[in-house]
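Count the sequence shown with UniProt numbering and you get residues 1 to 78, in order. I have placed the structure first, in the form of structure tokens, so that the comments after it can refer back to it.
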Amino acid sequence: MEGCYLLEISKIKIYRDKKKVSLEELVKICREEYHNFDKKYLVYKDFREKNMLLTQALNSAVILQYTIEDQVLIMRHT
Numbered sequence: 001m002e003g004c005y006l007l008e009i010s011k012i013k014i015y016r017d018k019k020k021v022s023l024e025e026l027v028k029i030c031r032e033e034y035h036n037f038d039k040k041y042l043v044y045k046d047f048r049e050k051n052m053l054l055t056q057a058l059n060s061a062v063i064l065q066y067t068i069e070d071q072v073l074i075m076r077h078t
């Protein structure tokens, strides 16, 4: 998801077999790999635009939320 987000805001370039991957191509790949990708990406993007990161811990019931403040990550268990 982070890759899609960074590609969408033009912070990274992604290559596959030495060819540049477009956002549309990456979204297509993600839709095949992730169940409900579009819904999950909308939520992920909303948090990122609020300067937050979400990660899933080993226990799938635990979501870790990070706030980026002056390049310091503040972790909250939710």
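All C-beta atoms in this analysis are idealised placements derived from N, C-alpha and C, irrespective of residue type, glycine included.
| query | result |
| --- | --- |
| What number of angstroms, rounded off, separates the C-alpha of Glu32 from the C-alpha of Leu26? | 10 Å |
| Which residues in the same chain have their Cβ closer than 8 Å to the Cβ of Leu23, if we skip the five residues on either side of it in sequence? | Cys4, Leu7, Glu8 |
| Just to check my reading of the structure: Lys19 and Lys13 have Cβ atoms closer than 8 Å, yes? What is that Cβ distance to the nearest angstrom? | 11 Å between Cβ atoms; not a contact. |
| Go through its chain and collect everything with a Cβ distance to Lys45's Cβ below 7 Å, but skip five positions before and after it. | Tyr5 |
| What first and last residue would you give for the alpha helix (DSSP H) that runs through Ile14? | Careful: Ile14 lies outside any alpha helix (DSSP H), inside the beta strand (DSSP E) at 14-16. |
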